[in-house]
Amino acid sequence: MKLLLAEDEPDVQLIARLALKRGGFQVVTASNGVEVLERVGAEQPDAILLDWMMPDMDGFETCKRLKADPATQAIPVIFLTAKVQESEVAKALALGAVGCIGKPFDALTLGDQIRALLGK
Amino acid sequence: MVIATFAQVGVIVWLQGQRNTIAAATDRANQRFAQQLRMNQVVVELENAQRSYFLTGDDRFKAEFEQKWNEYSTVPTAIEQFIDIPDDVTSLKSVDEQIQRWHQLTQDLIARRDKLDNLTRVLEEQTIPPMRAVRSTLDGRQRHETDLRNRMIERSQEIDFSSAILTLALPAVDILMLLVLVTVLARILLDPLGTIAESARKISDGNFDVKLPLAKRDEIGALVKAFRDMSNAVQRRQRDLTEALTREREISQMYASLRANAERESARLQATIATVPAALVIVEAPSGRVVMQNAAADTLIGREPDDEAERRDYWEDFHATYRDGRHCPFEEWGTQRALRGEVVVGHEMIVRPPDGRTVPILVSAAPLRNDTGEIVGAVSAFQDITNLYEVDRLKSEFVSIVSHELRTPLTSIKGSLQLLLEDLPLADPDHKVLMDVALANVDRLVRIINDILDISKIEAGKLELNPRPLDVRELIDHSIQSVQQIAKGSSVILTPVISDMVPKVMADPDRTVQAIVNLLSNALKYAPARSEVTLAATSEPKGLVRIAVTDHGRGIAADKLGLLFHKFQQIDGADTRRFRGTGLGLAITKALVEMQGGSVSVTSELGKGSTFAITVPVARQG
Chain G
1 MKLLLAEDEP DVQLIARLAL KRGGFQVVTA SNGVEVLERV GAEQPDAILL DWMMPDMDGF
61 ETCKRLKADP ATQAIPVIFL TAKVQESEVA KALALGAVGC IGKPFDALTL GDQIRALLGK
Chain A
1001 MVIATFAQVG VIVWLQGQRN TIAAATDRAN QRFAQQLRMN QVVVELENAQ RSYFLTGDDR
1061 FKAEFEQKWN EYSTVPTAIE QFIDIPDDVT SLKSVDEQIQ RWHQLTQDLI ARRDKLDNLT
1121 RVLEEQTIPP MRAVRSTLDG RQRHETDLRN RMIERSQEID FSSAILTLAL PAVDILMLLV
1181 LVTVLARILL DPLGTIAESA RKISDGNFDV KLPLAKRDEI GALVKAFRDM SNAVQRRQRD
1241 LTEALTRERE ISQMYASLRA NAERESARLQ ATIATVPAAL VIVEAPSGRV VMQNAAADTL
1301 IGREPDDEAE RRDYWEDFHA TYRDGRHCPF EEWGTQRALR GEVVVGHEMI VRPPDGRTVP
1361 ILVSAAPLRN DTGEIVGAVS AFQDITNLYE VDRLKSEFVS IVSHELRTPL TSIKGSLQLL
1421 LEDLPLADPD HKVLMDVALA NVDRLVRIIN DILDISKIEA GKLELNPRPL DVRELIDHSI
1481 QSVQQIAKGS SVILTPVISD MVPKVMADPD RTVQAIVNLL SNALKYAPAR SEVTLAATSE
1541 PKGLVRIAVT DHGRGIAADK LGLLFHKFQQ IDGADTRRFR GTGLGLAITK ALVEMQGGSV
1601 SVTSELGKGS TFAITVPVAR QG
């Protein structure tokens, strides 16, 4: 499965990418929402892992756009959040995301968690 | 006095009688005198006429003589009627006879006149001597009458004089007698009356040392007795009044000093109220109308209008809300609750006063009661806590930001370590251990950050819960799963015990699991190797489900039990490397559980073990 990973922190991006690779995913990365929107068309990922806090366009806004766009609507979106606010989860779900994974995540089970959320 | 009066009357009457008698007698005497005089005069004129006739022979004298004789005839009778003494009558008659004889003689002579030659000698011899005797008698009579008359007059005068004297004397005697009488009466009547009057005067001056006259059995006596009674009554009344006055004065003084105190206190209170930085408002029951507010209150909430309808609107326009945005109705305001008898402490509200600001305020209020305990008003104090909210907000923001900032590098560290641990061969067991240590500490850091964030949210009131109906078995399974690794590490057996009839509960899944996991973690710290930790779920009365975690560790001293759920309390001596707590775990658990409508409890026996339990409300069907 192809995952589009959007994470602005380089280290975290690295860790996530490695973890996802271990979990059997093919990963393409973006550093912010703008990039996501730019690349989603070309990459056609099976799912998008969105960091909540990003510069220029945050996860929330990105998701909104994705869901507003018929071309990208169907792509499942999972959020990566530091889960500081409970409302984040609710908001995310309200936007149509399939779930949230909290940071710090368990690198060893990240893949499994995503699969579980995707219903696979 | 009466006798004297009668006597006097008698005297006067007698005197008057005397006067009358004498007046009558005098009158008769006067008459006799006058008549006698007339008689004498007439006789003289008779004689003169006779002589003149005889001397002249003039008939005129004869006529005169006869006229005079006629005149004379009436006289003796005239006299006689006024004569009282019989002898006098006799003598009168005698002289009258003589005069009659003389007349007769004269008549004879007149008749024989012509025949007589010596008329004069005859006259002289025959008529003159009788006439002389008559005249002498008449003179004598005249003198007598004169005497009598004078005597009568004298006597009259005497009587008059006596009368006059009596007229003066009698009243004088009367007056004298009256004086005596009055004096006597005065002595009898006035003396006691005077004494009574004198006593009355003394008494009215306040001098009750009076001597009253002896009360005899008469009217005066009755008066004296009555007076004495009255005097005693007055004296008693006086004493009562004096006492009452003294009491009154004392009360007055006390009142004055109390009043002064009260005024001082009031002034002090006013000064305090005016200057205290908090806004103070005093309202009256039951209307809630403001009766006093200080300057700080004026600034904060302004002044309510007087009109009743406008007043209500004024407060409605404040749009009071709670921090979470819920409307706070007027009845729930601190002041209103205080008017109902509640003591309100720390009631938070956000209000919008007329000047358009939005102000969070902290309200404390209490009822004001009178002596009988009735609520007569309420006092409420409140403060603008915008600063506090700001501080809170900054703190929350700070915590959020920091949490977020901290989690990011931790994510990297944890991920790195985990992936390394998986992939590196790490032949040296120490190396593996070191990796484990690093990982464990990363997890610990994460836990600390989580706890801090949680407690910060709880305290700011920003922790959101999303309760849903949950299956208790699932909750328990989840919880056990979370700590399974740790249990394995200590060879502790986790045993769920769920009775059949345990209903679904209404709770936030993540947070409830968090609470249970917290209890489990604690239990695992103390559970000896290979011991059992049970996780029991039971149905409780009042719509609750009890989830209890029981360990067989060393237990907790009774005096420490109360502090356990407070912040930063570490259970002593827990030193499992992997599992140092922040001291916030139980406090967070308590808060989470209570926010959901449940409670926490702990029982423990030193040396035997402990049971920590939470209750969760049952999900209502339908």
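Protein sequence lines, in the order shown, are assigned to chains G and A. Quick note: the first sequence uses this note's numbering, first residue 1, plus one each step. Quick note: the second sequence uses this note's numbering, first residue 1001, plus one each step. Positions of the beta carbon are idealized from the N, C-alpha and C atoms, including for glycine.
My output table needs one value for residue i: the three-state DSSP class, helix, strand or coil.
| i | result |
| --- | --- |
| Glu1342(A) | coil |
| Phe1082(A) | coil |
| Val1492(A) | coil |
| Phe1382(A) | strand |
| Ile1449(A) | helix |
| Pro1367(A) | strand |
| Arg1577(A) | Low local confidence applies: a pLDDT of 44 at Arg1577(A) is under 50, so the model's placement there is unreliable, with the coordinate-based value given in what follows. Of the three classes helix, strand and coil, the one that applies to Arg1577(A) here is helix, per DSSP. |
| Pro1360(A) | strand |
| Glu1071(A) | helix |
| Ser1257(A) | helix |
| Ile1282(A) | strand |
| His1404(A) | helix |
| Thr1127(A) | helix |
| Arg1536(A) | For the sequence presented, residue 1536(A) should be read as Ala rather than Arg. In this structure, Ala1536(A) counts as strand in the three-state DSSP scheme. |
| Met1501(A) | coil |
| His1566(A) | coil |
| His1327(A) | strand |
| Met1276(A) | Residue 1276(A) is actually Val in this sequence, not Met. Coil at Val1276(A), not helix or strand. |
| Glu38(G) | helix |
| Gln1031(A) | helix |
| Met1177(A) | helix |
| His1103(A) | helix |
| Thr1321(A) | strand |
| Val1376(A) | strand |
Could you compute how far the alpha carbon of residue i sits from the alpha carbon of residue j?
| i | j | result |
| --- | --- | --- |
| Glu1125(A) | Thr1026(A) | 41 Å |
| Phe1318(A) | Trp1333(A) | 11 Å |
| Asp46(G) | Val1399(A) | 35 Å |
| Thr1183(A) | Asp1229(A) | 29 Å |
| Ala30(G) | Leu5(G) | 6 Å |
| Glu1422(A) | Asp1436(A) | 11 Å |
| Asn1232(A) | Val1002(A) | 42 Å |
| Ala1029(A) | Glu1097(A) | 23 Å |
| Ala1262(A) | Leu1269(A) | 10 Å |
| Asp56(G) | Lys83(G) | 20 Å |
| Phe105(G) | Thr1408(A) | 10 Å |
| Leu1123(A) | Phe1054(A) | 8 Å |
| Ala90(G) | Ala1613(A) | 30 Å |
| Lys1202(A) | Ile1196(A) | 10 Å |
| Arg1113(A) | Ser1136(A) | 27 Å |
| Ser1257(A) | Gln1238(A) | 28 Å |
| Lys67(G) | Asp1510(A) | 27 Å |
| Ala1427(A) | Gly1489(A) | 21 Å |
Could you tell me which residues DSSP puts in a beta bridge with residue i?
| i | result |
| --- | --- |
| Ala1613(A) | Ala1548(A), Ser1601(A) |
| Met1506(A) | Pro1469(A) |
| Leu49(G) | Leu5(G), Ile78(G) |
| Gly102(G) | Thr81(G) |
| Ala30(G) | Ala6(G) |
| Gln1293(A) | Val1281(A) |
| His1347(A) | Val1363(A) |
Can you give me, in chain order, the residues of the segment 27-39 of chain G that have a beta carbon less than 8 Å from any beta carbon in chain A?
-> none
Going along the chain, which residues of the segment 1427-1452 of chain A sit with their C-beta nearer than 7 Å to a C-beta in chain G?
-> Val1446
Are the segment 1542-1560 of chain A and the segment 1521-1531 of chain A touching by the rule of at least three beta carbon pairs closer than 8 Å?
-> yes
For the segment 1497-1510 of chain A against the segment 1464-1482 of chain A, are there 3 or more C-beta pairs whose distance is under 8 Å?
-> yes
Do the segment 59-71 of chain G and the segment 79-99 of chain G make contact, defined as three or more Cβ pairs closer than 8 Å?
-> yes
Inspect the CB distances between the segment 1154-1165 of chain A and the segment 1177-1192 of chain A and report whether three or more fall short of 8 Å.
-> no
Contact residues within the segment 75-92 of chain G, judged by C-beta distance below 8 Å to chain A | Ala82, Val84, Gln85, Glu86, Ser87, Ala90
Is there contact between the segment 1349-1362 of chain A and the segment 1310-1327 of chain A, where contact requires at least three CB pairs shorter than 8 Å?
-> yes
Which residues, in chain order, does the segment 3-20 of chain G contribute to contact with chain A at a C-beta distance below 8 Å?
-> Glu9, Asp11, Val12, Leu14, Ile15, Ala16, Leu18, Ala19
What residues in the segment 45-56 of chain G bring their beta carbon closer than 7 Å to a beta carbon of chain A?
-> Met53
On the three-pair Cβ rule with 8 Å, is the segment 1403-1419 of chain A touching the segment 1439-1453 of chain A?
-> yes
Interface positions of the segment 95-109 of chain G facing chain A (Cβ-Cβ less than 8 Å), listed along the chain | Lys103, Pro104, Phe105, Asp106, Ala107, Leu108
How about the segment 1067-1084 of chain A and the segment 1029-1044 of chain A: do they share at least three Cβ pairs that are nearer than 8 Å?
-> yes
Going along the segment 1377-1402 of chain A in order, which residues come within less than 7 Å of chain G, judged by CB to CB distance?
-> Ser1400
Inter-stretch contact (C-beta, 8 Å, three-pair minimum) for the segment 1011-1023 of chain A and the segment 1070-1082 of chain A | no
Validate contact between the segment 16-31 of chain G and the segment 104-118 of chain G using beta carbons, cut 8 Å, 3 pairs | yes
Is it a yes or a no for the segment 1354-1362 of chain A touching the segment 1378-1398 of chain A, going by three-plus beta-carbon pairs under 8 Å?
-> yes
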